[in-house]
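At position 89 of the sequence shown the residue is numbered 88 (numbering that gives the first Met the number 0), and the sequence of numbers has no breaks. Just so it is clear, CB atoms sit at the ideal spot from N, CA and C, and this is done for glycine as well.
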Amino acid sequence: MSVVDLIATADDRGLAASGLACLDRCVPLLGGDDEILRPLWANLTDDSDPAGWGALVEQVRAKLDSGSDADSGDEPVRLARRMLDTAPAGRSAAALREWAEACSVASLGIHRLLDPADDPTPLDARRAGDTEGMPPLAAAELRRQLTVLEVLAAHGAGGLRQALGLTTEGRRVLRAAISRRARAAG
Numbered sequence: 000m001s002v003v004d005l006i007a008t009a010d011d012r013g014l015a016a017s018g019l020a021c022l023d024r025c026v027p028l029l030g031g032d033d034e035i036l037r038p039l040w041a042n043l044t045d046d047s048d049p050a051g052w053g054a055l056v057e058q059v060r061a062k063l064d065s066g067s068d069a070d071s072g073d074e075p076v077r078l079a080r081r082m083l084d085t086a087p088a089g090r091s092a093a094a095l096r097e098w099a100e101a102c103s104v105a106s107l108g109i110h111r112l113l114d115p116a117d118d119p120t121p122l123d124a125r126r127a128g129d130t131e132g133m134p135p136l137a138a139a140e141l142r143r144q145l146t147v148l149e150v151l152a153a154h155g156a157g158g159l160r161q162a163l164g165l166t167t168e169g170r171r172v173l174r175a176a177i178s179r180r181a182r183a184a185g
């Protein structure tokens, strides 16, 4: 199945984790550390209170000074900021589905912008499953998105640890790409 198909069939936990995983992999662009989104991840466990999601989102926004770099000329930063700024205040499936879709597109776009290889294929085609000739950084991000959704569909809350592990790996990869880009520019 494609990312588009998996998001269309995901439950609210899967949708929240999908959007959160995309944001978490891109949080280095916002100056966030590895732990900044942990309270949101914890809110996805079986024994958590879904009603607390909105307050946790607001806390993260405050810590990352939401909007401070909204006028940044750096497109990857703007895309990452938009993921955070559009996080829904509640964990309703409808709001989370829209957010998960937007985060998937933004995160894949960020990885494509940071990949030195050019990719003329539209993002929608990539997300629908057309991966032929896809540059490696963006292809790895697409695989992570697929795997997070598949793991949560198969294991529910039991898949959160694996999803978080994939996200941590992806964050390290993105940091390396950001570092390469900075070295090439400077």
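Open item on the list: Can you look up residue 0 in the DSSP assignment and give me helix, strand or coil?
Closed with: Residue 0 falls in the coil class under three-state DSSP.
- [ ] Report, in whole angstroms, the separation of the C-beta atoms of residue 198 and residue 139, which I expect to be a contact under 8 Å.
- [x] Lying outside 0 to 185, the shown extent of the chain, residue 198 is not represented and no answer is given.
Open item on the list: Just to check my reading of the structure: residue 39 and residue 12 have Cβ atoms closer than 8 Å, yes? What is that Cβ distance to the nearest angstrom?
Closed with: Between residue 12 and residue 39 the Cβ distance is about 12 Å, and since that is not below 8 Å, they are no contact.
TODO: Would you mind reading off the limits of the alpha helix (DSSP H) that contains residue 82?
DONE: Taken as a continuous stretch (DSSP letters only), the alpha helix (DSSP H) holding residue 82 covers 74 to 84.
- [ ] Compare the Cα-Cα distances from residue 172 to each of 46, 109, 7, 159 and report the closest residue.
- [x] Out of 46, 109, 7, 159, 109 has the C-alpha closest to the C-alpha of residue 172.
Task: Inter-residue Cα distance where the pair is residue 90 and residue 28 - done: Their backbone Cα atoms lie some 25 Å apart in a straight line.
Task: Local conformation of residue 92 per DSSP, three classes - done: Here residue 92 sits in helix by DSSP.
Open item on the list: Buried or exposed, going by whether 16 or more other CB atoms sit within 10 Å of the CB of residue 158?
Closed with: Looking at its Cβ environment, which holds 16 or more other Cβ atoms inside 10 Å, residue 158 is buried.
TODO: Please report the residue range of the alpha helix (DSSP H) in which residue 56 lies.
DONE: Judged by DSSP secondary structure, residue 56 falls within the alpha helix (DSSP H) whose first and last residues are 52 to 62.
- [ ] To the nearest angstrom, report how far apart residue 34 and residue 123 are at their CA atoms.
- [x] Their Cα atoms are separated by approximately 31 Å.
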